[in-house]
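Enquirer:
Residue numbers (the working numbering): 3 to 153.
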């Protein structure tokens with residue numbers, strides 16, 4: 003069965019408890035479980051306890067990819083992390099002064115300013131509303147200014 007957050011065709015499916023009067027247009031997602039890759043990590047850190055500690059720096063570790071813990075895949079460690087979308091994503095971390103990069107898998111179309119899924123900055127409904135208000139204000143000001151000139 004499916005967990006709270008699952009990937010389907012490289013996109014996250016978030017399952018939440020039902021709430022009365024739910025409106026998907028206004029729904030805000032503030033937390034999501036996402037897979038992250040720890041790139042270039044030294045092999046001595048490929049141990050489940052250590053990987054969990056690193057994951058807790060990024061968010062809250064939910065799961066360590068067992069293929070990684072068993073050193074089958076190599077190249078990068080992979081963790082499922084509970085992310086708070088209201089906070090900036092961690093792009094790197096350091097161990098003993100050595101910096102390592104974090105890569106997030108499948109965070110398609112999550113616009114972090116409004117924390118809604120399904121659009122980017124250019125198509126954010128909040129931005130379109132603001133642009134529409136500015137356009138109405140500009141038209142109204144032009145109309146009023148034109149009216150005053152005629153008197």
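Every residue, glycine too, gets a C-beta built ideally from N, C-alpha and C. Please read all numbers here as calculations on a predicted model, not as lab measurements.
1. Beta strand (DSSP E) containing residue 86: first to last residue?
2. Can you name, in chain order, every residue of its own chain whose Cβ lies under 7 Å from the Cβ of residue 109, other than the five neighbours on each side?
3. Can you give the Cα-Cα distance for residue 23 and residue 84, rounded to whole angstroms?
4. Flag this pair as yes or no: are the beta carbons of residue 81 and residue 43 separated by less than 8 Å?
5. Alpha carbon to alpha carbon, how far is residue 63 from residue 57?
6. Compare the Cα-Cα distances from residue 106 to each of 126, 78 and 25 and report the closest residue.
7. Any idea if residue 4 is buried or exposed, counting beta-carbon neighbours within 10 angstroms, 16 or more meaning buried?
8. Suppose you measure from the CA of residue 26 to the CA of residue 86; what does that come to, to the nearest Å?
9. In chain order, what residues of the same chain have a beta carbon less than 7 Å from the beta carbon of residue 101, not counting five sequence neighbours either side?
10. At what residues does the beta strand (DSSP E) containing residue 96 begin and finish?
11. What first and last residue would you give for the beta strand (DSSP E) that runs through residue 101?
Expert: With the structure as the only source:
1. 78–86
2. 36
3. 26 Å
4. no
5. 5 Å
6. 78
7. In this predicted model, residue 4 has a pLDDT of only 44, less than 50, meaning its place in the structure is not dependable; the value taken from the coordinates is given anyway. Residue 4 comes out exposed.
8. 19 Å
9. 94
10. 94–97
11. 100–106
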